[in-house]
Structure formats: C-alpha cells, structure tokens
Ligand code: HEM
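In the UniProt record's numbering, the protein residues as written are 3 to 419.
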C-alpha cells in the first residue's frame with residue numbers, strides 16, 4: 003500500500019519533531035522534493051502534506067474529521083477537552099455559528115475601540131517605567147480588552163496573573179516538561195474560575211449584555227436544545243479570551259519587523275491603510291505561530307495517486323505552506339508589498355487555517371486578529387516613541403511556539419504629542 007508515497011524509514015519521529023519544530027514537515031518536503039510523505043509520530047503512522055493543493059484537500063470535510071485527531075495533551079493545555087476544535091459535522095457547524103455570531107463588524111469595532119483604550123492606558127503606565135517587556139505587557143492589555151469585550155470582569159489584583167495564565171496555555175503546546183505542565187495548571191485555574199462565573203451568570207448573580215461572549219456561552223443551546231455543561235461553556239469562553247491574549251505574540255513579531263525594517267515606519271505613517279494591511283498580512287505569513295494542523299481520514303481515498311487509509315493521521319504543514327517557494331516569491335524575505343498582488347486564495351495564506359470560516363475549522367478570530375494587529379501597529383509605529391536596547395531577538399524554529407528570548411525589551415517609552 004501507499005507505494006508511491008515517499009516514506010521515512012524510522013521507528014518514530016516524535017523526537018525529531020521536537021528538535022526540528024516548525025521546520026519538521028517542511029525540511030522533509032524539501033529533502034524528498036515532495037508535498038506528501040509518510041512517517042511515524044506518537045507511535046502511529048502519519049501522512050504529512052503541504053502546499054496549496056494539500057490545504058485544499060485538508061479542508062474537504064467529506065474526507066477528514068477532527069474527532070480523535072487532536073492529542074489529549076494538546077486539549078488539556080491549549081484548547082480544552084472536547085471543545086469546538088474536536089467537533090465535526092452538524093455539531094461543529096452549530097457551535098461555529100455561535101462563535102461567528104460574536105464577530106459581526108459592529109462587535110469587532112467595539113473591540114478595536116476597547117483595545118485602543120487599553121493601549122492608551124498601558125502607554126501611560128509604561129511612561130513611568132524605565133524598561134518593560136512587550137510580550138507580557140501586550141498580553142495583559144489584550145487580556146483587559148478581551149475581558150471587557152467578552153463580558154468577563156477584570157479584577158485589578160488578578161489581571162496580570164490571569165493574562166499570564168492565558169499565555170501559558172499557548173506556551174504549553176509545543177513543550178514537554180515544566181512549560182507544558184505550567185500550561186495545564188494555568189488551564190485548570192482558569193477553567194475553575196470561569197466555570198464558577200458561568201454558574202453565577204445562570205443564577206442571575208451577574209448580568210452581562212446579550213451580545214457578549216460570556217452571555218453567548220452561558221446561554222447557548224446545543225442541537226438537542228440543552229445548555230452547555232458549565233465546564234464546557236467556560237472552555238468555549240476561554241476559546242475567545244485566550245486567543246485574543248495570544249495576539250500579543252503577533253504584536254511582538256510586528257515590533258521585531260518594525261525594528262528590523264525601520265523604513266516601514268515612514269511608509270506606515272504616510273500611506274496608512276494599505277501599507278498597514280500589507281504589513282499585518284506579511285507579519286502573519288512570515289513569523290512562525292501555528293506549525294501544523296492534524297485531522298483523521300474518514301474513509302479510504304486516493305489523492306494524486308497516493309492512498310489515504312481510513313483512520314490515518316494527516317498533518318497539514320502550516321509553516322511550510324506560508325514559506326513555500328512555489329507560492330511566495332523569496333519566501334524568507336519580509337516584504338509587505340507582496341500583498342499588492344496577492345490573489346486572496348483561502349488556501350495559501352493559512353497562518354490561522356484555510357478554507358471557509360463558517361463551514362470548516364478556519365480560525366473564528368482571524369478578522370479580529372488582523373484588525374487588532376493594525377490597531378497595535380498604529381501604536382508601535384506612529385503613536386509611541388521608544389528605544390530598543392541590544393537584545394537577542396532571534397527566533398528559533400525549534401521553539402514551539404516561537405518567541406524571542408528577550409520577549410522584546412523596550413526602554414524610555416513616550417507617547418508622541
Ligand atoms: C482556530 C490560529 C486568534 C478563535 C484556529 C486555528 C488556527 C488558529 C491555526 C485552527 C484552524 C483549523 O483547525 O483548521 C490563530 C492564531 C491567532 C488566532 C495564530 C493569533 C493570535 C484567534 C482569536 C480568536 C480565535 C483572536 C477569537 C477571538 C479561534 C477558534 C477556533 C480557532 C474559536 C476554532 C475554530 C473551529 O474549530 O472551527 N485559530 N488564531 N483565534 N481560533 Fe484562532
């Protein structure tokens with residue numbers, strides 16, 4: 003079987019995955035000159051695919067499902083057990099509608115207003131500091147904006163700890179050992195807290211507007227017209243707040259890009275909207291965040307002469323697809339202008355998944371992310387002055403999720419008058 007699919011002759015590649023990180027699939031695709039190969043991971047056969055046609059295949063929901071495809075260790079740290087990421091078919095569509103209903107233009111505009119307020123407030127705090135780390139600070143300001151938007155109370159005493167907990171769930175995904183364990187503990191703390199909050203909302207002890215995520219999760223009814231289990235409602239509420247906090251990573255990547263390509267400051271100031279949009283898209287394409295996604299084959303089928311057997315784990319190369327020389331000219335150069343001629347395909351710029359937002363698993367928060375990055379970039383490029391002291395801003399592809407060692411230290415932050 004699968005005679006034509008290039009294979010790695012190895013007992014298990016789980017360790018190589020940790021070592022190669024974001025480059026695990028892409029490196030093998032280059033070495034074997036292929037967009038598909040077979041290997042073994044976590045004790046089972048896995049087919050790795052990459053590129054635009056592979057992305058199109060991966061998002062065919064008649065061929066792939068997510069249930070049983072996401073390892074428990076990822077669910078217990080990053081996503082939450084049995085949450086939207088693991089659903090298929092009607093159950094998934096129904097749950098996805100709930101998420102997408104929170105992403106109307108009006109509600110996104112409300113978020114951007116809150117985010118701008120939090121940037122102002124944070125800038126005020128930062129002016130009193132000699133030095134700060136942008137990663138933790140931006141996660142905190144995003145946390146404050148996310149909670150206000152989602153109808154979750156922000157307590158001054160706990161805001162930083164909660165923001166760090168949200169961040170730690172993301173930090174856990176590509177880690178083994180202490181960093182992974184910290185993410186699981188953070189998830190338990192936050193789930194306990196928000197499960198209590200959901201129960202309080204249901205008991206009428208707190209009131210939140212109906213268009214907030216907290217209300218939506220607390221009172222959503224599933225296809226059987228039942229409320230979500232309170233734990234599950236908390237998990238899905240976290241699936242709103244945690245990824246908003248995670249935009250802090252893209253804020254840091256944008257800051258690095260600005261620092262390393264200072265010529266864009268003037269371009270961003272002069273021709274705001276177009277350059278800002280291109281800059282944001284290039285930041286999402288260029289910098290590593292999601293390495294790959296997994297799904298499982300529903301029924302046997304053949305694709306481009308390769309056989310896919312029922313139950314096989316298939317990994318789509320996200321990082322490699324956004325760096326694929328067949329899709330991107332000079333993929334390893336940071337060039338926002340490339341987006342002037344980008345065709346807008348749902349299957350090549352896939353840092354937050356591909357295909358359709360409503361019909362498939364593509365990220366529910368992609369538009370929110372893009373707009374939030376634009377708001378943040380406006381602060382970093384135009385509204386703030388700061389020094390960037392010498393530090394190690396290098397990104398290692400073997401550290402998943404990627405983060406510079408220094409977490410972007412800024413000095414002498416001032417608001418421009
Ligand atoms: C799904 C990336 C921000 C909510 C996803 C997926 C990726 C992703 C790769 C999986 C797509 C798939 O399984 O096919 C990112 C990145 C973000 C980000 C890199 C930047 C920080 C957000 C934000 C929100 C959000 C801000 C919400 C406000 C979700 C949800 C899903 C999802 C609910 C599950 C969708 C589903 O299973 O149908 N995201 N995301 N994400 N994202 Fe995001």
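By construction, the Cβ of each residue, glycine as well, lies at the ideal position given by its N, Cα and C atoms.
Please read these numbers as outputs of a predicted model, since none were measured by experiment.
Residue i beta carbon near the ligand HEM (any heavy atom closer than 7 Å)
i: residue 353; result: yes
i: residue 371; result: yes
i: residue 292; result: yes
i: residue 76; result: no
i: residue 365; result: yes
i: residue 349; result: no
i: residue 98; result: yes
i: residue 252; result: yes
i: residue 295; result: yes
i: residue 51; result: no
i: residue 141; result: no
i: residue 38; result: no
i: residue 384; result: no
i: residue 245; result: yes
i: residue 15; result: no
i: residue 192; result: no
i: residue 175; result: no
i: residue 86; result: yes
i: residue 242; result: yes
i: residue 255; result: no
i: residue 101; result: yes
Residue i CB to nearest heavy atom of the ligand NAP below 7 Å
i: residue 249; result: This structure does not include the ligand NAP; its bound ligands are the ligand HEM.
Per DSSP, cross-strand counterpart(s) of residue i
i: residue 98; result: None; residue 98 has no bridge partner.
i: residue 49; result: 40 and 316
i: residue 401; result: DSSP, once it has assigned bridges, lists no residue as partnering residue 401.
i: residue 308; result: 305
i: residue 297; result: 316
i: residue 386; result: 417
i: residue 410; result: Residue 410 pairs with nothing; no bridge assigned.
i: residue 135; result: 411
i: residue 223; result: 229
Candidates the options, of which the one nearest residue i by Cα
i: residue 147; options: 278, 290 and 123; result: 123
i: residue 138; options: 237, 353, 319 and 252; result: 252
i: residue 62; options: 384, 89 and 362; result: 362
i: residue 163; options: 177, 94, 189 and 74; result: 189
i: residue 373; options: 109, 6, 33 and 394; result: 109
i: residue 2; options: 418, 355 and 393; result: The chain is shown from 3 up to 419; residue 2 falls before or after that span and cannot be answered.
i: residue 175; options: 186, 166 and 384; result: 186
i: residue 397; options: 258, 232, 368 and 333; result: 258
i: residue 382; options: 254, 179 and 325; result: 254
i: residue 352; options: 292, 104, 177 and 41; result: 292
i: residue 418; options: 400, 384, 265 and 399; result: 384
i: residue 395; options: 256, 125, 327 and 376; result: 256
i: residue 52; options: 319, 228 and 263; result: 319
i: residue 317; options: 379, 43 and 105; result: 43
i: residue 93; options: 263, 60, 228 and 184; result: 228
i: residue 169; options: 249, 270, 266 and 195; result: 249
i: residue 143; options: 125, 58 and 346; result: 125
i: residue 177; options: 246, 273 and 75; result: 75
i: residue 331; options: 276, 350, 314 and 315; result: 350
i: residue 366; options: 246, 194 and 313; result: 246
i: residue 182; options: 378, 15, 357 and 20; result: 20
Contact belief for residue i with residue j at Cβ below 8 Å, rounded distance in angstroms
i: residue 402; j: residue 145; result: About 22 Å separates the two Cβ atoms, so there is no contact after all.
i: residue 38; j: residue 308; result: 6 Å
i: residue 244; j: residue 172; result: 7 Å
i: residue 27; j: residue 294; result: 6 Å
i: residue 31; j: residue 355; result: Contact flag wrong, Cβ pair sits at about 19 Å.
i: residue 120; j: residue 416; result: About 18 Å; that fails the 8 Å criterion.
i: residue 215; j: residue 104; result: 5 Å
i: residue 165; j: residue 141; result: 5 Å
Task: Stretch-stretch touch, CB-based, cutoff 8 Å, three pairs: the stretch 115-122 with the stretch 79-91 - done: Contact between the stretch 115-122 and the stretch 79-91 is absent: fewer than 3 CB-CB pairs across the two stretches fall below 8 Å.
Task: Segment contact flag, the stretch 215-230 with the stretch 93-112, C-beta cutoff 8 Å, min 3 pairs - done: Yes: the two stretches touch, three or more of their Cβ pairs being nearer than 8 Å.
- [ ] Check whether the stretch 45-58 touches the stretch 333-343, taking contact to mean three or more Cβ pairs, one atom from each stretch, closer than 8 Å.
- [x] Judged by pairs of C-beta atoms under 8 Å, the stretch 45-58 does not touch the stretch 333-343, as fewer than three such pairs exist.
Task: Segment contact, 8 Å Cβ cut-off, at least three pairs: the stretch 66-78 with the stretch 293-312 - done: Cβ pair count under 8 Å is three or more, so yes.
Task: Touch test, the stretch 274-286 against the stretch 199-213, Cβ-Cβ under 8 Å, three pairs minimum - done: Because the criterion of three Cβ pairs below 8 Å is not met, the stretch 274-286 and the stretch 199-213 do not touch.
Task: Three or more C-beta pairs below 8 Å linking the stretch 187-199 and the stretch 229-248 - done: Between the stretch 187-199 and the stretch 229-248, the count of Cβ pairs shorter than 8 Å is three or higher; the stretches touch.
Open item on the list: Does the contact criterion of 3 or more C-beta pairs under 8 Å hold for the stretch 384-393 versus the stretch 346-364?
Closed with: Contact fails: fewer than three Cβ-Cβ distances are below 8 Å.
Task: At least 3 beta-carbon pairs within less than 8 Å: the stretch 405-412 vs the stretch 151-158 - done: At 8 Å Cβ cutoff, the stretches do not touch.
TODO: Could you tell me whether the stretch 8-24 touches the stretch 263-282, where touching means 3 or more Cβ pairs closer than 8 Å?
DONE: Contact between the stretch 8-24 and the stretch 263-282 is absent, because fewer than three Cβ pairs lie under 8 Å.
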